[in-house]
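Protein sequences appear in the order of chains A and B. Residue numbering for the first sequence is 1 to 170, as defined by our numbering. Residue numbering for the second sequence is 171 to 357, as defined by our numbering.
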Amino acid sequence: MNELAITVIGRDRPGIVADVAEVLAGLGANLTDSTMTRLRGHFAMTLICVGPAAADVEAAFAPLAADGHLLATVRVVTPDGANEPAGEPYVLAVHGADRMGIVAAMTRVLADAGGNVTDLSTRLTGSLYVVVAEVELPPGSSDEVAGRLTRAAAELGVGVSLRPADTDLL
Amino acid sequence: MTGQEYAGLGGWTPEKLGVAGEVRPVVAAPEPVLSRPGPEVDPTSAEVVRLAADLVATMRVSPGCVGLAAPQVGVSAQVFAVDVTGHPKAVTVHGTFVLCNARVVEASRWKAGREGCMSVPDLTGDVKRASRLVVEGMLPGSGEPVRLVTDGFEARALQHEIDHCAGLLFLDQVAGAHAVYQRKVYL
């Protein structure tokens, strides 16, 4: 059984998700994990599906991309299931005046500490830049990481917070 | 908020049910019973008393479990157990109790929080819940009506369990398309 990683990006319009899902359903592809959003007005979707051959999916997507407004890519990936959690879950929030290198500097701090970014979004509105990331940190490292993030943020002139993404089990 | 004191719940213990509870298996989504609204029950019936005792027994052996509703043990009914004793986020705590046919009569001070559920073991989600809550229900066994005024974590637990009785999971209440997450920590 093939596992495929697919990206679809392009000019947003109503019906893209339905079109993509219909193509996959028509090929007998099981759409497993997916995420879709609009990035500054551009449609952006990434998904994993299981089933057909990559070439068949590429051929079936061709009419969707024919007008030049959508780009679809299909790649075979190695199925390895969900990753084991690497550490303790935290939410990182950064906000401040937009400038080059905010994401690079802050995520480098996380990487150097052995942290893994599991979700990330950035938004620029006017001059305000906002980064929100879900990260897994090595157990017991959060105080030190928070200190390094604070120093990196001070150099960039932005604000930063790191808080546990603790879940209430009910 | 009325600030009115609850009646009848003070001093209630599971031992008052008069039957020893048995641990039942907990069912997980997509088991259909979790998506079906449960009917109201007769809180004085022997069947409901046994169910109440079983919910308490099952809750007590489940690590981290602060609430358990009848649909989670495969029974479509408006009965649930709650006990947030000792939880670090709990402010008002009423100990262990079971309520039948419970409904929210007042809710205010809505706050978002991330929830997990024994019946959805691999996912969590951000859900907005009232942090001040008034709930009315009936005690199993005596059938005595009670009015419960609570807040914070106990209020969140009550809303989660009342939702279960209505056939709703936290997945039905999440804040948005990007408010569901892979669960990262298991007890």
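Note that beta-carbon positions come from the ideal geometry of N, C-alpha and C, so glycine has one too.
Inter-residue spacing [alpha-carbon to alpha-carbon] between residue i and residue j
i: residue 126 of chain A; j: residue 38 of chain A; result: 17 Å
i: residue 88 of chain A; j: residue 49 of chain A; result: 29 Å
i: residue 103 of chain A; j: residue 137 of chain A; result: 17 Å
i: residue 219 of chain B; j: residue 346 of chain B; result: 38 Å
i: residue 172 of chain B; j: residue 236 of chain B; result: The predicted position of residue 172 of chain B is uncertain, since its pLDDT is 47 and thus under 50; a value taken from the coordinates is nonetheless stated next. Approximately 26 Å, taken between the alpha carbons.
i: residue 42 of chain A; j: residue 12 of chain A; result: 5 Å
i: residue 2 of chain A; j: residue 241 of chain B; result: 37 Å
i: residue 322 of chain B; j: residue 166 of chain A; result: 15 Å
i: residue 30 of chain A; j: residue 73 of chain A; result: 17 Å
i: residue 200 of chain B; j: residue 91 of chain A; result: 29 Å
i: residue 79 of chain A; j: residue 4 of chain A; result: 9 Å
i: residue 301 of chain B; j: residue 170 of chain A; result: 15 Å
i: residue 261 of chain B; j: residue 282 of chain B; result: 17 Å
i: residue 338 of chain B; j: residue 206 of chain B; result: 8 Å
i: residue 140 of chain A; j: residue 162 of chain A; result: 14 Å
i: residue 217 of chain B; j: residue 277 of chain B; result: 31 Å
i: residue 17 of chain A; j: residue 168 of chain A; result: 33 Å
i: residue 117 of chain A; j: residue 214 of chain B; result: 53 Å
i: residue 209 of chain B; j: residue 293 of chain B; result: 27 Å
i: residue 19 of chain A; j: residue 343 of chain B; result: 27 Å
i: residue 122 of chain A; j: residue 256 of chain B; result: 38 Å
i: residue 147 of chain A; j: residue 105 of chain A; result: 14 Å
i: residue 266 of chain B; j: residue 179 of chain B; result: 10 Å
i: residue 145 of chain B; j: residue 190 of chain B; result: Nothing in the structure corresponds to residue 145 of chain B, since chain B is present only between 171 and 357.
i: residue 35 of chain A; j: residue 62 of chain A; result: 21 Å
i: residue 238 of chain B; j: residue 130 of chain A; result: 39 Å
i: residue 164 of chain A; j: residue 142 of chain A; result: 9 Å
i: residue 188 of chain B; j: residue 15 of chain A; result: 59 Å
i: residue 351 of chain B; j: residue 128 of chain A; result: 27 Å
i: residue 232 of chain B; j: residue 246 of chain B; result: 20 Å
Expected contact under 8 Å - CB spacing of residue i and residue j to nearest Å
i: residue 314 of chain B; j: residue 297 of chain B; result: In fact, because the Cβ distance is near 31 Å, the residues do not count as touching under 8 Å.
i: residue 244 of chain A; j: residue 112 of chain A; result: Given a span of 1 to 170 for chain A in the structure shown, any question on residue 244 of chain A remains unanswerable.
i: residue 173 of chain A; j: residue 154 of chain A; result: Residue 173 of chain A lies beyond the residue range present for chain A, which begins at 1 and ends at 170; the question has no answer from this structure.
i: residue 96 of chain A; j: residue 159 of chain A; result: 6 Å
i: residue 47 of chain A; j: residue 56 of chain A; result: No, residue 47 of chain A and residue 56 of chain A are not in contact; Cβ-Cβ is about 16 Å, not under 8 Å.
i: residue 268 of chain B; j: residue 222 of chain B; result: 4 Å
i: residue 204 of chain B; j: residue 289 of chain B; result: 6 Å
i: residue 197 of chain B; j: residue 243 of chain B; result: 7 Å
i: residue 326 of chain B; j: residue 353 of chain B; result: In fact, because the Cβ distance is near 17 Å, the residues do not count as touching under 8 Å.
i: residue 8 of chain A; j: residue 45 of chain A; result: 5 Å
i: residue 27 of chain A; j: residue 54 of chain A; result: In fact, because the Cβ distance is near 11 Å, the residues do not count as touching under 8 Å.
i: residue 177 of chain B; j: residue 279 of chain B; result: Between residue 279 of chain B and residue 177 of chain B the Cβ distance is about 23 Å, and since that is not below 8 Å, they are no contact.
Residue closest to residue i, alpha-carbon to alpha-carbon, out of the options
i: residue 193 of chain B; options: B/224, B/279, B/183 and B/186; result: B/224
i: residue 263 of chain B; options: B/195, B/320, B/348 and B/353; result: B/320
i: residue 22 of chain A; options: A/123, A/164, A/149 and A/64; result: A/64
i: residue 25 of chain A; options: A/52, A/45 and A/14; result: A/52
i: residue 75 of chain A; options: A/19, A/98, A/60 and A/6; result: A/6
i: residue 115 of chain A; options: A/156, A/78 and A/149; result: A/149
i: residue 324 of chain B; options: B/216, B/258 and B/343; result: B/258
i: residue 230 of chain B; options: B/195, B/180, B/177 and B/344; result: B/195
i: residue 156 of chain A; options: A/99, A/67 and A/40; result: A/99
i: residue 10 of chain A; options: A/71, A/40, A/130 and A/28; result: A/71
i: residue 145 of chain A; options: A/107, A/130 and A/20; result: A/107
i: residue 348 of chain B; options: B/317, B/328, B/295 and B/336; result: B/295
i: residue 234 of chain B; options: B/245, B/202, B/287 and B/328; result: B/287
Residue i Cβ short of 6 Å to the ligand GDP heavy atom set
i: residue 34 of chain A; result: Ligands displayed in this structure: none; no statement on the ligand GDP is therefore possible.
Task: contact_flag[the stretch 324-342 of chain B, the stretch 245-253 of chain B] where n(CB pairs < 8 Å) is 3 or more - done: yes
Open item on the list: With a threshold of 8 Å, are at least 3 pairs of Cβ atoms found where one atom belongs to the stretch 179-199 of chain B and the other to the stretch 213-231 of chain B?
Closed with: yes
- [ ] Scan the stretch 236-253 of chain B for residues whose Cβ lies nearer than 7 Å to a Cβ of chain A and list them as they occur along the chain.
- [x] 236 and 237
TODO: Can you give me, in chain order, the residues of the stretch 322-336 of chain B that have a beta carbon less than 8 Å from any beta carbon in chain A?
DONE: 323, 326, 327, 330 and 331
Task: Touching by the beta-carbon criterion (3+ pairs, under 8 Å), the stretch 301-317 of chain B and the stretch 271-279 of chain B - done: yes
- [ ] Pull out every residue of the stretch 276-306 of chain B whose Cβ sits closer than 7 Å to any Cβ of chain A, in chain order.
- [x] 283, 284, 285, 286, 287 and 294
- [ ] Below 9 Å between beta carbons is the criterion; list the residues of the stretch 139-168 of chain A that meet it against any residue of chain B, in chain order.
- [x] 165, 166, 167 and 168
- [ ] Report the residues of the stretch 120-136 of chain A with a CB closer than 9 Å to any CB of chain B, ordered along the chain.
- [x] 121, 134 and 136
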